[in-house]
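In our numbering, the protein residues as written are 1 to 501. Even for Gly, the Cβ is constructed at its ideal location relative to N, Cα and C.
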């Protein structure tokens, strides 16, 4: 039977080509964010599918009960809740209720939901000034409600169809079912008791003598024991951390497939999503350090090994085993290499795999070049960082630093000194030089928010003043009148002498 390898073309890649990376963003992080976005979208899509499937199933069960009531219950009893409850419990499982990963375990049973519906219909009849004890009215309201449920169900099914198509367009570990699944079985771990029962049953059927029972039982149970438990490597606290075993796997030449296969069989714990992503980020480090042929070779090799881990993990996830099962994963590793890498009769699988590697390699190479250029530009001129700088916008005036009188006994000067002391030591030292250039150097190191707080302190302590550069007395009088008008409006100063020398 031919194997369909076209599924590999649909696997959703964590491509970050549409992400604009600010020069100040950690070069190791931007791909991880894009990958995380894809995983979150995939998770949300799966959750939406589960919710809609649960909703459709719930409506089907409710409609089944409502339809039976409409067909078999006398209309006169529609207003009698006791009769409705009795009919439901006699004809349907009274403990049956909706179930699923996203369903509240304390949710009401289907029978209880229908009972609540009849109570609601009686309440609706009252609101419409109709007799709630008239079964005919309740039946009509029930038919109207039944019609609405049908409409909602149709919408839910249409949305489900859209999500199924979207999921099919972006294959994930839950929905690949061709190619390799012929060799897979969803095996459950038998408990020791189950194994013992199977052994006893086998011995009984073969009529083995009682004296040999214990010996044979021990042999079979020992042979059936599962390998010691092993866990996938997953550094949740540092998603970019690379395990030494994974780093060693990345150093294997990309054409040494036999060596790779044997290494993975001996180090299955590295086949995790986190280690695959961490290995991919390692390729950026190589490419960012240099852009020569040696760096290209290392980058391609790392990406090749990362993709290899990703493909094998995708297949293993089909088994729906959350933990690392040595025997199952060993089978997947062997299946992948035999059916994809070493399969000379059908090379489409390997070709698709290598195309994916090449696409990611070209992408990493291009993005690394862009980041290097942005970082070079940043070293010459830091972009995107806003700072506050003090300067006069009027050529006829200039700003000057007014220090408080630290030796004065005047209450106002004492207050200014107290406010001045709330500034950072670095800013205080810059102000004491009375040089705006020194003050601006300190401002350049601050965020906009911090700088604005400092300006508030300057204003409160009257630290920065305006010095007019006058050519004649008329200019002085004009500026004096202008400042007096502003001061009158703002109430910041009592006299123009406070701001103009």
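Taking the Cα of residue 102 as reference, the smallest distance to any Cα among 455, 464, 49, 390 is reached at 49.
The beta-bridge partner set that DSSP reports for residue 401 consists of 464.
Taking 8 Å as the cut-off, the beta carbon of residue 295 is found closer than this to the beta carbon of residue 287. In this chain, residue 76 is not harboured by any alpha helix (DSSP H), its DSSP state being neither H nor E.
By DSSP's assignment, residue 324 forms a beta bridge with 230. Distance from the CA of residue 87 to the CA of residue 117, rounded to the nearest whole angstrom, comes to 15 Å. Going by DSSP, residue 300 is part of the alpha helix (DSSP H) stretching over 293-317.
Using a 10 angstroms sphere on the CB of residue 79, the tally of other CB atoms reaches 16 or more, which defines it as buried. In the DSSP annotation of this structure, the continuous segment of the alpha helix (DSSP H) that includes residue 82 starts and ends at 81-91.
With a cutoff of 8 Å on beta-carbon distance, residue 441 and residue 451 are scored as not near each other.
The continuous stretches of alpha helix (DSSP H) do not include residue 407, and DSSP gives it neither H nor E. By the beta-carbon neighbour count (other beta carbons within 10 angstroms, threshold 16), residue 268 is buried. In this structure, the beta-carbon distance from residue 308 to residue 260 falls below 8 Å. When the alpha-carbon of residue 389 is set against those of 402, 349, 437, the nearest one is in 437.
With contacts defined by Cβ atoms closer than 8 Å, residue 364 and residue 283 form a contacting pair. Of the candidates 156, 138, 95, the residue whose Cα lies closest to the Cα of residue 60 is 156.
The Cβ neighbour count for residue 303, taken over all protein chains shown within 10 Å, is at least 16; the residue is labelled buried. The beta carbon of residue 333 is closer than 7 Å to those of 261, 264, 265, 312 in its chain, skipping five residues each way along the sequence. Around residue 458, the same chain offers 464 as residues with beta carbons nearer than 6 Å, after the five sequence neighbours per side are excluded.
Between residue 455 and residue 434, the C-beta gap is not smaller than 8 Å, which leaves the two residues out of contact.
The beta carbons of residue 145 and residue 121 sit about 7 Å from each other, so the pair counts as a contact at 8 Å.
Contact fails between the region 60-73 and the region 38-52, because fewer than three Cβ pairs, one in each stretch, are under 8 Å apart.
Residue 160 places its beta carbon 8 Å or farther from that of residue 62. The three-state reading of DSSP puts residue 274 in helix, counting H, G and I together.
Distance from the CA of residue 242 to the CA of residue 432, rounded to the nearest whole angstrom, comes to 51 Å.
Annotation: residue 135 to residue 143 spans about 12 Å, alpha carbon to alpha carbon.
Of the candidates 297, 285, 289, the residue whose Cα lies closest to the Cα of residue 253 is 297. In the assembly as shown, residue 40 is an exposed residue. Its beta-carbon has fewer than 16 other beta-carbons within 10 Å.
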